[in-house]
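**Student:** Protein chains in written order, with my numbering: chain A, 37 to 371; chain B, 37 to 371. Please find one structure pasted underneath; my questions will follow.
There are 2 protein chains.
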Amino acid sequence: MGDSLGIRKPTLEEVAAAAGVSKMTVSRALRGAPDVSPETRERVLKATEQLGYVGNQLALSLSSQRTNLVAVVVPSMSNIVFPEVLAGISVGLEGSGMQAVFGLSDYDARKERDVIRDMLSWRPSAIIVTGLDQPEDTVKMLRSAAIPVIQIMDLDGTPIDFNVGLSHGKAGEEMARALIAAGRRRFGYVGSVLERDLRAAKRKAGFERVLLEHRLAFIGQRIGDTLSSVCLGKYLTHELLRAEPNLDCIYYSNDDMAVGGAFAGMEASRTDDILMAGFNGLELAAALPVRIATSKSPRRMIGEVAARLARGSMVTGVPSSGKITAFVPEIIGIE
Amino acid sequence: MGDSLGIRKPTLEEVAAAAGVSKMTVSRALRGAPDVSPETRERVLKATEQLGYVGNQLALSLSSQRTNLVAVVVPSMSNIVFPEVLAGISVGLEGSGMQAVFGLSDYDARKERDVIRDMLSWRPSAIIVTGLDQPEDTVKMLRSAAIPVIQIMDLDGTPIDFNVGLSHGKAGEEMARALIAAGRRRFGYVGSVLERDLRAAKRKAGFERVLLEHRLAFIGQRIGDTLSSVCLGKYLTHELLRAEPNLDCIYYSNDDMAVGGAFAGMEASRTDDILMAGFNGLELAAALPVRIATSKSPRRMIGEVAARLARGSMVTGVPSSGKITAFVPEIIGIE
DNA sequence: CTGAAAGCGCTAACAC
DNA sequence: GTGTTAGCGCTTTCAG
Numbered sequence: 037m038g039d040s041l042g043i044r045k046p047t048l049e050e051v052a053a054a055a056g057v058s059k060m061t062v063s064r065a066l067r068g069a070p071d072v073s074p075e076t077r078e079r080v081l082k083a084t085e086q087l088g089y090v091g092n093q094l095a096l097s098l099s100s101q102r103t104n105l106v107a108v109v110v111p112s113m114s115n116i117v118f119p120e121v122l123a124g125i126s127v128g129l130e131g132s133g134m135q136a137v138f139g140l141s142d143y144d145a146r147k148e149r150d151v152i153r154d155m156l157s158w159r160p161s162a163i164i165v166t167g168l169d170q171p172e173d174t175v176k177m178l179r180s181a182a183i184p185v186i187q188i189m190d191l192d193g194t195p196i197d198f199n200v201g202l203s204h205g206k207a208g209e210e211m212a213r214a215l216i217a218a219g220r221r222r223f224g225y226v227g228s229v230l231e232r233d234l235r236a237a238k239r240k241a242g243f244e245r246v247l248l249e250h251r252l253a254f255i256g257q258r259i260g261d262t263l264s265s266v267c268l269g270k271y272l273t274h275e276l277l278r279a280e281p282n283l284d285c286i287y288y289s290n291d292d293m294a295v296g297g298a299f300a301g302m303e304a305s306r307t308d309d310i311l312m313a314g315f316n317g318l319e320l321a322a323a324l325p326v327r328i329a330t331s332k333s334p335r336r337m338i339g340e341v342a343a344r345l346a347r348g349s350m351v352t353g354v355p356s357s358g359k360i361t362a363f364v365p366e367i368i369g370i371e
Numbered sequence: 037m038g039d040s041l042g043i044r045k046p047t048l049e050e051v052a053a054a055a056g057v058s059k060m061t062v063s064r065a066l067r068g069a070p071d072v073s074p075e076t077r078e079r080v081l082k083a084t085e086q087l088g089y090v091g092n093q094l095a096l097s098l099s100s101q102r103t104n105l106v107a108v109v110v111p112s113m114s115n116i117v118f119p120e121v122l123a124g125i126s127v128g129l130e131g132s133g134m135q136a137v138f139g140l141s142d143y144d145a146r147k148e149r150d151v152i153r154d155m156l157s158w159r160p161s162a163i164i165v166t167g168l169d170q171p172e173d174t175v176k177m178l179r180s181a182a183i184p185v186i187q188i189m190d191l192d193g194t195p196i197d198f199n200v201g202l203s204h205g206k207a208g209e210e211m212a213r214a215l216i217a218a219g220r221r222r223f224g225y226v227g228s229v230l231e232r233d234l235r236a237a238k239r240k241a242g243f244e245r246v247l248l249e250h251r252l253a254f255i256g257q258r259i260g261d262t263l264s265s266v267c268l269g270k271y272l273t274h275e276l277l278r279a280e281p282n283l284d285c286i287y288y289s290n291d292d293m294a295v296g297g298a299f300a301g302m303e304a305s306r307t308d309d310i311l312m313a314g315f316n317g318l319e320l321a322a323a324l325p326v327r328i329a330t331s332k333s334p335r336r337m338i339g340e341v342a343a344r345l346a347r348g349s350m351v352t353g354v355p356s357s358g359k360i361t362a363f364v365p366e367i368i369g370i371e
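Here it is as structure tokens:
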């Protein structure tokens, strides 16, 4: 359990004693303040080294009334998309001295509120949350935190402060338009628990709006009752293909599901007459032996931009511009 | 930027004033201490509500000399395996009131050390790190942190305190044995930058040990110079198949690469005479239209067990037993 | 360039 | 049941 279980870690004061200066001087030297003589700094650094001193952020943050923390709340880790957003945040924060603290909401509004409250109790200097559909009380809590709130992924709604993402409604619309333009007419839908994944629901709604404009509709659909996965997509697609053998296109809640659909299509030898369309532009989708259509969502970039906004917040209070950063996903894999 | 930008958040003291009691009483009431009269508690809760009070963990932790933080350091988020470990940790921590703080090492020992130092400055009550191969100075830092150090994923080495994982050397050996038992003889290898992914390197070494026992060796191999991905696996497999057309089995650094290999095999119509073998047992691998071999690593479970150890540490100092939790991956997809 | 005093918001340990 | 006192380890502010 370490060399020194139960032995308090050295404090500034002890380093100061060892270096023969006051703790203020040590504090300054360690933070690289300009007004410390080189020799003093030298002695302080040596003492720090010898004692294995590690600063105490709790004391630092409490005393200085600011933290280097960015709270991040995402719904899940089971879909590679959110880890990629986190990776983007991590990159965007690099070199800023800021730390990301993550929490999972599990696509559950109550849980999200509790997680957010927990995170706020660490007094982060910014908070990044997923989506724009937080319930009233959560929004109130976020507002009164008096820190920048950065809502990511989704653009369809009213942001609290900053908003970085794309319109999922439009993404669904555009995909439908592109598929119809490419001659597809007999559409099916495969998704998973839509009331949990609000953004997938918005894409579906957008898709359906355009279908309606063209006097079309989903001929058949299958909605799973677990979270999206390749396996679920494959299973539901097999089912749907059995029920509706003459579809020429299936829209999926996301790429994981669509990849499963592509596998089902391969197994059913339907790769030539039916096109699977997903959302995200996963690396995996591009490597597939069959083509699928998808919208490339800039999830790493969303993370990076969000992180940049969070960094800014540590310096100034409010960047005056760029409250909303909108991305337009590129559609690939059609034609 | 919130309703009250720049306005200090309410403190215990203010809640106390509003409720007409001392801050100690508020503190006790909020923490659910037994010795507070129901009416007082009621008034305190009301005041808390009205003021929108959110506790300050910085002050709490500094004052009480303990945090509810578990530091977690993983190499990457780009491979679904680590997010899944994090999800497992998240589940394992649920209901304990503990928070996970994540950091990324990017498969870089220097960066890992810096990240660990940063995390330690928050005085977490336990730290979970990936692997057993930290350099000397990092180990020293971890030891002197005087908190439980939980090393996960890997078992091949000497743990600092707790160790939860599997032997990657043995995993490689077992896979080689199983493949040879199934009649495979002409092996190839496809991997990516092994000096970064130490565990993949251990699996490969184990695999080669068994090959040698059987007077066999890799006939051909391809090592990519980027991180593992489906795309890279596919590309390298195409290359390898061109160079060595009569392989009957390819071992991959992991399932992502192996899935790419499977795609390449499908494209080259080599699905019947060659078997791809990976590692992890990704959900994706099971859904594939062709069979691949893999070892199922219990990554969620590793996260959960690690989290449980971390929880224990908050209560007692040292759980006396179970310092090492060893998992044996199940091999699937052969025969 | 360096130091001393005060205090960040909370809890531990004791009084009452 | 409730209040008081004394810190936790650091920074801020003001003196020298």
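C-beta atoms are modelled at their ideal positions from N, C-alpha and C, and glycine is treated no differently. As the structure is a prediction and not an experimental result, all values here were calculated from the model.
Determine which residues of the region 128-144 of chain B have a Cβ less than 8 Å from any Cβ of chain A, and write them out in chain order.
**Tutor:** Cβ contacts with chain A: Gln135, Ala136, Val137, Phe138, Gly139 and Leu140.
**Student:** Applying a beta-carbon distance threshold of less than 7 Å, which residues of chain B neighbour Val266(A)?
**Tutor:** Numbered from its first residue, the first sequence carries residue 266(A) at position 230. Chain B residues near Val266(A): Glu319, Leu320 and Ala323.
**Student:** Just the Cα atoms here: how many angstroms apart are Thr361(A) and Val200(A)?
**Tutor:** On the first sequence, position 325 is the one that residue 361(A) refers to. On the first sequence, position 164 is the one that residue 200(A) refers to. Distance between the alpha carbons of Thr361(A) and Val200(A) is about 5 Å.
**Student:** Are Ala313(B) and Ile164(B) close, meaning C-beta to C-beta below 8 Å?
**Tutor:** The count along the second sequence starts at 1 and reaches residue 313(B) at position 277. The count along the second sequence starts at 1 and reaches residue 164(B) at position 128. The answer is no: Cβ separation not under 8 Å.
**Student:** Exposed or buried, which one is Glu340(B) when buried takes at least 16 other CB atoms within 10 Å?
**Tutor:** Numbered from 1 along the second sequence, position 304 holds the residue referred to as residue 340(B). Glu340(B) is buried by the Cβ-count criterion.
**Student:** Which partner residues of Glu366(A) appear in the DSSP bridge assignment?
**Tutor:** To locate residue 366(A), count along the first sequence from 1; it is residue 330. According to DSSP, which records beta bridges pairwise, Glu366(A) is partnered with Lys332(A).
**Student:** To which residues does DSSP link Arg258(A) through a beta bridge?
**Tutor:** For this step, residue 258(A) is matched to residue 222 along the first sequence. Val226(A), per the DSSP bridge assignment.
**Student:** Straight-line CA distance for Gly369(B) to Asp291(B)?
**Tutor:** Taking the second sequence and counting its residues from 1, one reaches residue 369(B) at position 333. Taking the second sequence and counting its residues from 1, one reaches residue 291(B) at position 255. Roughly 12 Å separates the two Cα atoms.
**Student:** Which of helix, strand or coil does DSSP assign to Met312(A)?
**Tutor:** By 1-based counting over the first sequence, the position of residue 312(A) is 276. In this structure, Met312(A) counts as strand in the three-state DSSP scheme.
**Student:** Quick one, which of Pro74(A), Ser73(A) and Val80(A) has its alpha-carbon nearest Lys59(A)'s?
**Tutor:** Looking up residue 59(A) in the first sequence gives position 23. Checked all of Pro74(A), Ser73(A) and Val80(A); the closest Cα to Lys59(A) is Val80(A).
**Student:** Taking Cβ positions, are Met413(A) and Thr166(A) nearer each other than 8 Å?
**Tutor:** Because chain A is modelled from 37 through 371, residue 413(A) falls outside the range shown and cannot be assessed.
**Student:** Are the C-beta atoms of Gly346(A) and some chain B residue less than 8 Å apart?
**Tutor:** Position 310 of the first sequence, counted from the start, is the residue given in the question as residue 346(A). Sequence check: residue 346(A) is Ala here, not Gly. No, Ala346(A) lies away from the interface with chain B (no Cβ there is under 8 Å from its Cβ).
**Student:** Does the distance from the C-beta atom of Ser265(B) to that of Glu319(A) stay below 8 Å?
**Tutor:** Within the second sequence, residue 265(B) is the residue found at index 229, counting from 1. Within the first sequence, residue 319(A) is the residue found at index 283, counting from 1. Yes; because the gap between Cβ atoms is below 8 Å, this pair is in contact.
**Student:** Give the DSSP-derived three-state secondary structure of Asp292(B) in the structure shown.
**Tutor:** Position 256 of the second sequence, counted from the first residue, corresponds to residue 292(B). The answer is helix: DSSP assigns Asp292(B) an H, G or I state.
**Student:** Terminal residues of the continuous beta strand (DSSP E) containing Thr166(A)?
**Tutor:** The residue labelled residue 166(A) in the question sits at position 130 within the first sequence. First-last of the beta strand (DSSP E) with Thr166(A): Ala162 to Thr166.
**Student:** Look at Leu87(B) and Val57(B) and say whether their C-beta atoms are less than 8 Å apart.
**Tutor:** Taking the first residue of the second sequence as 1, we reach residue 87(B) at position 51. Taking the first residue of the second sequence as 1, we reach residue 57(B) at position 21. In this structure, Val57(B) does not lie closer than 8 Å to Leu87(B) by Cβ.
**Student:** Quick check: Thr330(B) and Gly297(B), are their CB atoms within less than 8 Å of each other?
**Tutor:** The sequence position of residue 330(B) within the second sequence is 294, counting from 1. The sequence position of residue 297(B) within the second sequence is 261, counting from 1. It is not a contact, given that the beta carbons lie outside the stated cut-off.
**Student:** Under 8 Å between C-beta atoms, does Phe223(A) make it to chain B?
**Tutor:** Stepping through the first sequence from its first residue, residue 223(A) is reached at position 187. It does not: the Cβ of Phe223(A) has no partner Cβ on chain B nearer than 8 Å.
**Student:** Let me see if you follow: with CB-CB separation under 8 Å, is Asn199(A) close to chain B or not?
**Tutor:** Position 163 of the first sequence, counted from the start, is the residue given in the question as residue 199(A). No, its Cβ sits nowhere closer than 8 Å to a Cβ of chain B.
**Student:** Which chain B residues are close to Asp154(A), counting only those with a beta carbon under 7 Å from its beta carbon?
**Tutor:** On the first sequence, residue 154(A) is found 118 positions in, with the first residue counted as 1. In chain order: Gln135.
**Student:** Looking at the structure shown, is Val121(A) part of a helix, part of a strand, or coil, going by DSSP?
**Tutor:** Position 85 of the first sequence, counting from 1, holds the residue named residue 121(A). The answer is helix: DSSP assigns Val121(A) an H, G or I state.
**Student:** Do you know how far the Cα of Ile152(A) is from the Cα of Val62(B)?
**Tutor:** Your numbering for residue 62(B) matches position 26 in the second sequence. Your numbering for residue 152(A) matches position 116 in the first sequence. If I take the Cα positions, the gap works out to 22 Å.
**Student:** Any beta-carbon of chain A closer than 8 Å to the one on Val90(B)?
**Tutor:** The count along the second sequence starts at 1 and reaches residue 90(B) at position 54. Output row for Val90(B): interface = yes.
**Student:** Could you pull the start and end residues of the alpha helix (DSSP H) that Gly242(B) belongs to?
**Tutor:** As a position in the second sequence, residue 242(B) is number 206, starting the count at 1. That run of the alpha helix (DSSP H) goes Leu234 to Glu249.
**Student:** Is the CB-CB distance between Ala236(A) and Ser203(A) below 8 Å?
**Tutor:** Within the first sequence, the letter at position 200 stands for residue 236(A). Within the first sequence, the letter at position 167 stands for residue 203(A). Against a cut-off of 8 Å, the Cβ pair of Ser203(A) and Ala236(A) comes out as no contact.
**Student:** With distances taken between CB atoms, is the gap from Gly387(B) to Ala241(B) smaller than 8 Å?
**Tutor:** As displayed, chain B neither begins before 37 nor continues past 371, which places residue 387(B) out of reach and without an answer.
**Student:** In the DSSP assignment, the beta strand (DSSP E) including Ile116(B) goes from what residue to what residue?
**Tutor:** On the second sequence, position 80 is the one that residue 116(B) refers to. Taken as a continuous stretch (DSSP letters only), Ile116(B) belongs to no beta strand (DSSP E), as it is neither H nor E.
**Student:** Is the beta carbon of Ala207(A) less than 8 Å from the beta carbon of Pro365(A)?
**Tutor:** Taking the first residue of the first sequence as position 1, residue 207(A) is located at position 171. Taking the first residue of the first sequence as position 1, residue 365(A) is located at position 329. Their beta carbons are under 8 Å apart, which means Ala207(A) touches Pro365(A) by this criterion.
**Student:** Spell out whether any CB of chain A is found under 8 Å from the CB atom of Met337(B).
**Tutor:** By 1-based counting over the second sequence, the position of residue 337(B) is 301. It does not; no Cβ of chain A falls within 8 Å.
**Student:** Check this for me: beta carbons of Arg336(B) and Ala162(B), under 8 Å apart or not?
**Tutor:** What you label residue 336(B) is simply residue 300 of the second sequence in a count that begins at 1. What you label residue 162(B) is simply residue 126 of the second sequence in a count that begins at 1. No, they are not a contact pair.
**Student:** If you follow the alpha helix (DSSP H) that Gln187(B) is in, where does it begin and where does it stop?
**Tutor:** Sequence index remark: in the second sequence, residue 187(B) carries index 151 (1-based). Gln187(B) -> not in any alpha helix (DSSP H); beta strand (DSSP E) instead, spanning Val185 to Asp190.
**Student:** Would you mind telling me which residues of chain B sit closer than 7 Å to Phe299(A), beta carbon to beta carbon, in chain order?
**Tutor:** Along the first sequence, one-based indexing puts residue 299(A) at 263. The answer, in chain order, is Ala323, Leu324 and Pro325.
**Student:** At the 8 Å Cβ level, is Glu303(A) part of the contact set with chain B, yes or no?
**Tutor:** For the purposes of this step, residue 303(A) is identified with residue 267 of the first sequence, where counting begins at 1. At least one chain B Cβ lies under 8 Å of Glu303(A).
**Student:** Thinking C-beta only, is Val108(B) closer than 8 Å to Ala145(B)?
**Tutor:** As a first step, residue 145(B) must be located in the second sequence, where it is residue number 109. As a first step, residue 108(B) must be located in the second sequence, where it is residue number 72. No.
**Student:** Decide if Asp173(A) is buried, meaning its Cβ has at least 16 other Cβ atoms within 10 Å, or exposed.
**Tutor:** As a working mapping, residue 173(A) is identified with position 137 in the first sequence. By the 10 Å Cβ count, Asp173(A) comes out exposed.
**Student:** So, is the C-beta of Met113(A) closer than 8 Å to a C-beta in chain B?
**Tutor:** In the first sequence, residue 113(A) corresponds to position 77, counting from 1. Closer than 8 Å: yes.
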